[in-house]
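Engineer: Chains A and B, in that order, are what the protein sequence lines are.
With the numbering used here, the residue at position 150 of the first sequence is 212, and numbering never jumps.
With the numbering used here, the residue at position 123 of the second sequence is 128, and numbering never jumps.
For each residue, glycine too, the CB sits at the ideal point set by N, CA and C.
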Amino acid sequence: MRFLKKSYLGLIFLFLYAPILILIIFSFNASKSRGAWGGFTLDWYRQLFQDDALLTSLYNTIVIAIVASIVATLLGTIAAIGIYRMKGFRKSFMINLTYLPILNPDIVTAISFMLLLIYLKIPRGMLSLLLAHITFCLPFVIISVLPKLRQLDPQIYDAALDLGATPKRAYFSVILPQILPGIFAGFLLAFTMSIDDFVISYFTTGNGVSNLSISIYSMARRGINPKINAVLTILFVGILALMFFINRRVNTNSSKKERGNV
Amino acid sequence: MKRNWMAYPYFFWMLLFTIVPLLMVLYFSFTASVNGDGRFSFANFQRVLDPLYLNVIWRSVRLAFISTVICLVLGYPVAMLLAQSQASRQFTLIVLFVIPMWMNFLARTYAWMTLLERNGLINTFLGWFGLGPYNLLHTEFAVVLGMIYNFLPFMVLPIYTVLNKMDPALTEASYDLGATPIRTFFRVTLPLSLPGVLSGISMVFMPAVTTFVIPQLLGGGQFTMIGNLIEQQFLRSNDWGFGSALSIILMLLILLSMRIMSHYDRDRGEGGGFF
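(1) Under the DSSP definition of a beta bridge, which residues are partnered with A:Asn91?
(2) Tell me which same chain residues have a C-beta within less than 8 Å of the C-beta of A:Ile204, skipping the five on either side of it?
(3) Check the DSSP bridge columns for B:Thr36 and list the partner residues they point to.
(4) With 8 Å set as the bound, which would you pick, yes or no: does the beta-carbon of B:Arg113 sit closer than that to a beta-carbon of chain A?
(5) Do we get a CB-CB distance below 8 Å when we pair A:Asp224 with the residues of chain B?
(6) Assuming B:Gln237 is part of the alpha helix (DSSP H), what are its boundary residues?
(7) Does the distance from the C-beta atom of B:Val161 to that of B:Phe102 stay below 8 Å?
(8) Would you say B:Gly248 lies against chain D (beta-carbon separation less than 8 Å)?
(9) On a Cα-Cα basis, can you pick out the residue from B:Thr23, B:Leu59, B:Gly132 and B:Tyr115 that is closest to A:Ala337?
(10) Would you mind telling me which residues of chain A sit closer than 9 Å to B:Leu131, beta carbon to beta carbon, in chain order?
(11) How many angstroms separate the CA atom of B:Tyr154 from the CA atom of A:Lys289?
(12) Let me check understanding here. Comparing Cα to Cα, which of A:Arg147, A:Phe111 and A:Tyr107 lies closest to B:Met11?
(13) Alpha carbons only, please: which of B:Gly226, B:Met263 and B:Ala250 is nearest the one belonging to B:Pro200?
(14) Identify whether B:His268 lies in helix, strand or coil by the three-state DSSP scheme.
(15) What span of residues does the alpha helix (DSSP H) with A:Lys210 cover, start to end?
(16) With A:Arg284 as the anchor, note down where its alpha helix (DSSP H) starts and where it stops.
(17) A:Lys183: which of A:Ala127, A:Met255, A:Thr295 and A:Thr266 sits nearest, CA to CA?
(18) Going by beta-carbon coordinates alone, are B:Thr189 and B:Ser179 separated by less than 8 Å?
(19) Does the distance from the C-beta atom of A:Ala127 to that of A:Ile196 stay below 8 Å?
(20) Taking the alpha carbon of B:Leu77 as the reference point, which residue from B:Val209, B:Trp117, B:Arg67 and B:Ser34 has its own alpha carbon closest?
(21) Can we say the stretch 291 to 309 of chain A touches the stretch 126 to 139 of chain B, given the rule of at least three CB pairs closer than 8 Å?
(22) Can you grab the Cα-Cα spacing for the pair B:Arg192 / A:Leu73, in whole Å?
(23) Report the rounded CA-to-CA distance for B:Gly226 versus A:Ser95, giving the unit in angstroms.
(24) Rounded to a whole number of angstroms, what is the C-alpha to C-alpha distance between B:Asp181 and A:Gly285?
(25) Using a Cβ-Cβ cut-off of 8 Å (strictly less than) and excluding sequence neighbours within five positions of B:Ala48, which residues of its own chain qualify?
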């Protein structure tokens with residue numbers, strides 16, 4: 063029975079990992095065939111670094127993810143504090159407003175945003191992509207920060223005021239440190255959602271500006287190209303490295319704190 | 006101390022970039038262009054009733070439903086095994102389970118394109134046993150496989166979360182009272198994990214029914230789903246009215262299924278309620 067359980071879990075992991083590993087392995091394949099191994103090569107990486115269009119789209123993906131997640135985190139955190147302080151109808155209205163884009167199908171969000179861009183005559187390109195990404199990232203920041211605010215002791219803010227802190231100071235040195243994990247989680251969620259997005263970017267871009275997802279989509283429709291494997295390998299390894307780096311930072315910080323408490 | 010104003014920038018942002026666009030979709034769905042100017046009409050919704058389009062909607066719901074059921078059958082045992090594993094290994098297993106999700110969504114779909122191809126790895130492998138080559142790509146099978154691959158974690162994680170929080174004393178009590186493992190599963194574990202199962206079902210069904218990338222890349226554009234139809238109206242045939250009507254129908258489909266789900270799931274936090 064134990065063996066059965068282990069092999070089932072193993073099979074599922076195989077199912078999840080095999081396509082990605084094969085994708086990475088074939089970025090080093092000298093033969094363009096997808097079925098046979100033709101020897102090790104870095105040719106596709108060399109070709110990738112000569113392909114300005116593909117590199118630009120990788121650059122766009124990263125810039126948009128960074129800018130959109132930072133703006134969404136700032137705006138979203140402030141909004142979450144405001145929503146937390148609201149009561150009754152207004153509060154439930156704002157929470158429903160936050161859930162609406164999360165539940166709404168991507169493609170509907172995308173085409174509706176495209177209609178707005180056309181109506182407001184906002185040129186489609188980098189700016190429109192940024193606006194769209196900030197918009198779909200915002201709710202994820204709010205749903206990450208709100209639970210942290212709910213866990214707060216409602217009296218610590220008043221206590222800070224009683225001890226003579228200005229409201230501003232009370233927010234920055236009492237409330238903010240306590241909700242920081244939620245803000246950070248929201249930022250990471252926004253960042254990964256932005257990197258991963260295809261549908262909304264596809265409809266809200268234009269004038270030749272594309273991100274990595276859009277480039278892969280148009281290349282993949284024309285057939286298979288090992289350059290795609292190469293760029294995806296770089297992106298995947300990059301994200302993996304980033305996540306492990308963040309995880310280590312968080313771990314060392316929390317162990318430092320524990321030591322401090324002792 | 007009132008701090009309500011802090012939510013206002015967000016409110017106006019959402020008003021402009023979420024509510025107004027959706028109202029525009031609603032407007033276009035009820036507008037038919039007659040000699041260049043729009044008039045109120047139901048024509049766009051009537052067009053959806055064409056058997057051609059009803060067929061597309063039926064296919065979307067059918068393929069999404071099949072994928073959801075397979076994800077549930079495959080994913081529930083995974084969630085159980087993860088929840089039962091030793092605490093020291095549990096974190097590693099969860100991380101291992103989430104890592105593939107960090108690969109770009111399009112990349113995960115593209116990976117299957119290369120595997121399923123006629124001279125791809127799977128056909129090469131089958132060829133060693135004198136089988137095939139089969140046309141695996143551009144089939145309904147490929148579309149369903151792509152959905153399962155992309156959305157399986159959305160089924161496993163919510164179920165795992167619920168199972169992990171469950172008090173192990175409950176199943177132990179069931180055994181002590183003489184229930185068999187199977188009976189314990191159906192009378193104790195499964196009913197208690199229902200909230201996780203329901204959110205898993207909606208988290209798989211919703212992206213599956215609305216996707217247009219998976220049928221485009223793995224189905225080769227032969228298995229049109231609602232998402233593809235909407236894309237065509239906006240990017241190719243420029244029929245915003247019909248595209249908007251389809252979008253409204255898709256939204257209603259999602260909100261309706263959310264409504265049904267939340268009806269069974271009474272254990273919800275504050276807020277919500279509307280959906």
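Structural biologist: Taking the definition as stated:
(1) Mapped onto the first sequence, residue 91 of chain A falls at position 29. Answer by DSSP bridge pairing, in chain order: A:Phe102.
(2) As a position in the first sequence, residue 204 of chain A is number 142, starting the count at 1. Excluding positions up to five away in sequence, the list reads Gly138, Ala141, Ala142, Ile145, Thr160 and Gly248.
(3) On the second sequence, residue 36 of chain B is found 31 positions in, with the first residue counted as 1. DSSP lists B:Phe45 as the beta-bridge partner residues of B:Thr36.
(4) Residue mapping note: residue 113 of chain B aligns to position 108 of the second sequence, counting from 1. Yes, contact with chain A.
(5) To locate residue 224 of chain A, count along the first sequence from 1; it is residue 162. Interface criterion not met: the Cβ of A:Asp224 is under 8 Å from no Cβ in chain B.
(6) Indexing the second sequence from 1 puts residue 237 of chain B at position 232. Element bounds for B:Gln237: Ile231 to Leu240.
(7) Counting from one through the second sequence, the residue named residue 161 of chain B turns up at place 156. Counting from one through the second sequence, the residue named residue 102 of chain B turns up at place 97. Contact flag set, yes.
(8) Looking for chain D here will not work: the only protein chains present are A and B.
(9) No answer is possible for residue 337 of chain A: it lies beyond the span of chain A, which begins at 63 and ends at 324.
(10) Here residue 131 of chain B refers to the residue found at position 126 of the second sequence. Ordered by position in chain A, no residue passes the 9 Å Cβ test against B:Leu131, which lies about 11 Å from the chain.
(11) If you number the second sequence from 1, residue 154 of chain B lands on position 149. If you number the first sequence from 1, residue 289 of chain A lands on position 227. Roughly 23 Å separates the two Cα atoms.
(12) Reading the second sequence from its first residue, position 6 is the one you call residue 11 of chain B. Taking the Cα of B:Met11 as reference, the smallest distance to any Cα among A:Arg147, A:Phe111 and A:Tyr107 is reached at A:Arg147.
(13) Counting from one through the second sequence, the residue named residue 200 of chain B turns up at place 195. Comparing Cα positions, the closest option is B:Met263.
(14) For the purposes of this step, residue 268 of chain B is taken as residue 263 along the second sequence, with counting starting at 1. Helix.
(15) Position 148 of the first sequence, counting from 1, holds the residue named residue 210 of chain A. Met188 to Gln213 is the span of the alpha helix (DSSP H), which, as asked, contains A:Lys210.
(16) For the purposes of this step, residue 284 of chain A is taken as residue 222 along the first sequence, with counting starting at 1. Unbroken alpha helix (DSSP H) run through A:Arg284: Leu274 to Arg284.
(17) Mapped onto the first sequence, residue 183 of chain A falls at position 121. Relative to A:Lys183, the option among A:Ala127, A:Met255, A:Thr295 and A:Thr266 whose CA is nearest is A:Thr266.
(18) On the second sequence, residue 189 of chain B is found 184 positions in, with the first residue counted as 1. On the second sequence, residue 179 of chain B is found 174 positions in, with the first residue counted as 1. In this structure, B:Ser179 lies closer than 8 Å to B:Thr189 by Cβ.
(19) By one-based count along the first sequence, residue 127 of chain A stands at place 65. By one-based count along the first sequence, residue 196 of chain A stands at place 134. No, Cβ-Cβ distance for A:Ala127 and A:Ile196 is not below 8 Å.
(20) Counted from its first residue, the second sequence places residue 77 of chain B at position 72. When only C-alpha atoms are compared, the closest one is B:Val209.
(21) No, the stretch 291 to 309 of chain A does not touch the stretch 126 to 139 of chain B.
(22) Taking the second sequence and counting its residues from 1, the one referred to as residue 192 of chain B is at position 187. Taking the first sequence and counting its residues from 1, the one referred to as residue 73 of chain A is at position 11. Counting only the Cα atoms, A:Leu73 lies some 28 Å from B:Arg192.
(23) One-based indexing of the second sequence puts residue 226 of chain B at position 221. One-based indexing of the first sequence puts residue 95 of chain A at position 33. In this structure, the alpha-carbon of B:Gly226 lies about 23 Å from that of A:Ser95.
(24) Your numbering for residue 181 of chain B matches position 176 in the second sequence. Your numbering for residue 285 of chain A matches position 223 in the first sequence. Linking B:Asp181 to A:Gly285 through their CA atoms gives a straight-line distance of about 60 Å.
(25) Numbered from 1 along the second sequence, position 43 holds the residue referred to as residue 48 of chain B. Same-chain partners within the cutoff: Ala37 and Gly246.
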